[in-house]
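K.L.:
Protein chains: 2
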Amino acid sequence: MNLTAQARIEALGFAPADAAILAAHFEDAERQGRKGHGLARIDWLATLPDLDPAARPERTVAEDGYERWDGRGALGYLTMEQIVRAQLESPPVRTRVVVASDCFPTGHLGYWTRRLADAGLAAVLTCTSPPRLPHPDGGEPQIGTTPLSIAIPSSDGPPIVSDVSMAKATYGDVLAGRATEADLVPFGGTQAHKAFALGLGLELLVEALAGTDSYGAVLLVARPEADPVPERRRRASGARLPGDRGA
Amino acid sequence: MNLTAQARIEALGFAPADAAILAAHFEDAERQGRKGHGLARIDWLATLPDLDPAARPERTVAEDGYERWDGRGALGYLTMEQIVRAQLESPPVRTRVVVASDCFPTGHLGYWTRRLADAGLAAVLTCTSPPRLPHPDGGEPQIGTTPLSIAIPSSDGPPIVSDVSMAKATYGDVLAGRATEADLVPFGGTQAHKAFALGLGLELLVEALAGTDSYGAVLLVARPEADPVPERRRRASGARLPGDRGA
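Quick mapping for you: the protein sequence lines, in order, are chains A and B.
Mind the numbering: the first sequence is residues 902 to 1148 in the numbering used here, read in order.
Mind the numbering: the second sequence is residues 902 to 1148 in the numbering used here, read in order.
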């Protein structure tokens, strides 16, 4: 299965190393049950009008507390991979904010935050994407599905990895046939204004920091001062916590 | 009304300048319709066993990209006020993460983020508080109501200020008699696992950065590179956007 996915991606023009990055992400999404971000995306890549398999992201600012990246036409998955590798290679002394423009699509965000948490770093990641969700009062789509993922490492086991979009169903769910366009609304039912406000706020944050000319991402990476997860697992008395399925 | 609130707070032992800070916050909450964080909190302060009106927060680390604060027994409102003033006085070159421990209660978070956005800074703020919300499967409370506020400035009018808790109703609503303990669950109905995951992730982030010995807060302050709000207001065609009531 690994070879097949990689071969299909290479057939789109990607170098083997890049195809391996993409295949690893799609296969992880399948394992996590996030099929909308999974192998179905390979066919979807082939439909992208601006697909440039040779494009390479660039880090344009590198400070201990701040990095700026530009996708330079590369798929967001590849930009995120380089960002994650750069953080693992050189973690911040305390905290670092990483701002990426021209960074789309970014896939399922828990894939990136979990890898940082597996290395002992706390991570928070959000991103922008095409407008899919209307205002709770109705009308045209105003915001993307706007995921937010937070991963916190643990001294005694896998990290806790939350990864939540603000949509009742994701566009990936629609692509995969498990939801309809009518489910592309903010989640929460009578309190959908909450998910809409969260999504709009996160989206504007990315736009304010990364610019409005492209889709982007904002990542916070931090070296923890404390180890709160073991106590939380104890308090949860065995209940499944976010990210446990993918651990 | 201002004098009355201030006088009532001074009667608890607070110096006039601190009482003015607290009164301004409570009165803003009333104006915003967030009565659970409003004047009813003055009587609540009197019930706090450890209330120390003379306590003063301290900034223990001050770097351009990172600050660390300790409430040192002060009310969280007063710690947040000093944090906000410090950011306004010396904004970051790009981004700054501010981590506060012993910082409770912090009130309605939009009060703090809006003031940063009114000065042209993007701001994201979350905080911890006593456990109120159970896991979606039921059981004892696991997480606080865990608000997240995001404020983004605008070149042509008031900022957009989202300020959302992960609870169906806040503890403030319960204190104010507008909700019951049964409403202290994650919002979202059949998708309450999303609000629970967001709240747990945010809470663990604060604990990982601020420590687990006290309630804390994490603030991201950023100098925007772009001005996305005017276009969003145009696209919203007059629909009310988060924070407009308080503008």
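Every residue, glycine too, gets a C-beta built ideally from N, C-alpha and C.
All values reported here derive from a predicted model rather than from experimental measurement.
Could you tell me the alpha carbon to alpha carbon distance between B:D894 and B:T1081, rounded to whole angstroms?
P.N.:
Only positions 902 to 1148 of chain B appear in this structure, which leaves residue 894 of chain B out of reach.
K.L.:
Pull up the DSSP beta-bridge partners for A:G962, would you.
P.N.:
At residue 962 of chain A the sequence reads Val, which differs from the Gly that was named. Beta-bridge pairing links A:V962 to A:R969.
K.L.:
Count the other CB atoms, across all protein chains shown, that sit within 10 Å of the CB of A:T948; report buried if there are 16 or more and exposed otherwise.
P.N.:
A:T948 is exposed by the Cβ-count criterion.
K.L.:
What residue ranges within the stretch 1086 to 1137 of chain A form continuous beta strand (DSSP E) runs of no fewer than 3 residues, ordered along the chain?
P.N.:
If we require 3 residues or more, the beta strand (DSSP E) runs fully inside the stretch 1086 to 1137 of chain A come out as 1118 to 1123.
K.L.:
Along the stretch 1084 to 1101 of chain A, where does the CB come closer than 7 angstroms to a CB of chain E? Name the residues.
P.N.:
Note that chain E does not occur in the displayed structure, where the protein chains are A and B.
K.L.:
Please compile the residues from chain A whose C-beta is within a distance smaller than 9 angstroms of the C-beta of B:I1051.
P.N.:
Those within 9 angstroms of B:I1051 in chain A are A1098, L1099, L1101, G1102, L1103, L1105 and L1106.
K.L.:
Between the C-alpha atoms of B:P917 and B:G1011, what's the straight-line distance to the nearest angstrom?
P.N.:
Computed Cα separation, rounded: 24 angstroms.
K.L.:
For the alpha helix (DSSP H) that A:T1014 lies in, which residues bound it at each end?
P.N.:
G1011 to D1019 is the extent of the alpha helix (DSSP H) around A:T1014.
K.L.:
Can you find the residues in the same chain that come closer than 7 angstroms, C-beta to C-beta, to A:E982, ignoring five residues on each side of it along the sequence?
P.N.:
Cβ within range, chain order: I922.
K.L.:
Tell me whether the beta-carbon of A:A1052 lies closer than 8 angstroms to the beta-carbon of A:A1023.
P.N.:
Yes.
K.L.:
Specify whether the stretch 990 to 1000 of chain A and the stretch 1119 to 1135 of chain A touch according to this definition: at least 3 beta carbon pairs, one from each stretch, less than 8 angstroms apart.
P.N.:
Yes: the two stretches touch, three or more of their Cβ pairs being nearer than 8 angstroms.
K.L.:
Take B:E1132 as the anchor and find which of B:G1058, B:F1005 and B:K1095 has the nearest alpha-carbon.
P.N.:
Comparing Cα-Cα distances from B:E1132 to each of B:G1058, B:F1005 and B:K1095, the minimum goes to B:G1058.
K.L.:
Going residue by residue through the stretch 983 to 1054 of chain A, where are the continuous alpha helix (DSSP H) segments of at least 4 residues, counting only ones entirely within it?
P.N.:
Complete alpha helix (DSSP H) runs here, min 4: 1011 to 1019.
K.L.:
For A:L946 and A:L913, which I take to be in contact (beta-carbon distance under 8 angstroms), what is that distance rounded to the nearest angstrom?
P.N.:
The Cβ separation is near 6 angstroms, so the contact holds.
K.L.:
DSSP has A:D1064 in a bridge; who is on the other side?
P.N.:
Bridge partners of A:D1064: A:S1050.
K.L.:
Please list, in chain order, the chain B residues whose beta carbon lies closer than 9 angstroms to that of A:T1113.
P.N.:
Per Cβ cutoff of 9 angstroms: A1127, D1128, P1129 and E1132.
K.L.:
Could you work out which residues of chain A lie near B:V1065, taking near to mean beta carbons separated by less than 7 angstroms?
P.N.:
The answer, in chain order, is K1095, A1098 and L1099.
K.L.:
Nearest to A:G974 by alpha carbon, out of A:E990, A:E968, A:D1003 and A:T961?
P.N.:
Selected option, being the one with the closest Cα: A:D1003.
K.L.:
Scan the stretch 963 to 980 of chain B for residues whose Cβ lies nearer than 9 angstroms to a Cβ of chain A and list them as they occur along the chain.
P.N.:
If the cut-off is 9 angstroms between Cβ atoms, the stretch 963 to 980 of chain B has E964, D965, G966, Y967 and R969 near chain A.
K.L.:
Which first and last residues belong to the alpha helix (DSSP H) in which A:P917 is found?
P.N.:
Counting along the chain, the alpha helix (DSSP H) containing A:P917 begins and ends at P917 to R932.
K.L.:
Could you pull out every residue in the same chain whose Cβ sits closer than 6 angstroms to the Cβ of A:S1050, ignoring the five residues on either side in sequence?
P.N.:
For A:S1050, where only same-chain residues beyond five positions count, the Cβ hits under 6 angstroms are L1010, G1011, T1014, L1026 and D1064.
K.L.:
Does any residue of chain B have a CB that is nearer than 8 angstroms to the CB of A:M902?
P.N.:
Summary for A:M902: the model assigns pLDDT 48, below 50, so the residue's position carries little reliability; its value from the coordinates is reported in the next sentence. Judged by the 8 angstroms Cβ criterion, A:M902 is not in contact with chain B.
K.L.:
Strictly under 8 angstroms for the Cβ-Cβ distance: is B:I1061 near chain A by that measure?
P.N.:
It does: the Cβ of B:I1061 has a partner Cβ on chain A nearer than 8 angstroms.
K.L.:
Could you work out which residues of chain A lie near B:D1003, taking near to mean beta carbons separated by less than 8 angstroms?
P.N.:
What B:D1003 touches in chain A: nothing, since even the nearest Cβ is about 13 angstroms away.
K.L.:
Within the same chain, show all residues whose beta-carbon is closer than 8 angstroms to that of A:M902, passing over the 5 residues directly before and after it, in chain order.
P.N.:
Note that A:M902 has pLDDT 48, beneath the 50 cutoff, so the model's placement of it is unreliable and the number below is only indicative. Result list for A:M902: E928, in chain order.
K.L.:
So that I know if they touch, is there some Cβ in chain A lying closer than 8 angstroms to that of B:G914?
P.N.:
Closer than 8 angstroms: no.
K.L.:
Under 8 angstroms between beta-carbons, which chain A residues line up against B:K1069? List them in chain order, please.
P.N.:
Q1092, listed in chain order.
K.L.:
Tell me which residues share the same chain as B:I943 and place their Cβ nearer than 7 angstroms to its Cβ, disregarding the 5 neighbours each side in the sequence.
P.N.:
Around B:I943: A906, R909, I910 and F927.
K.L.:
Pull out every residue of the stretch 928 to 942 of chain A whose Cβ sits closer than 7 angstroms to any Cβ of chain B, in chain order.
P.N.:
Result list empty, no residue passes.
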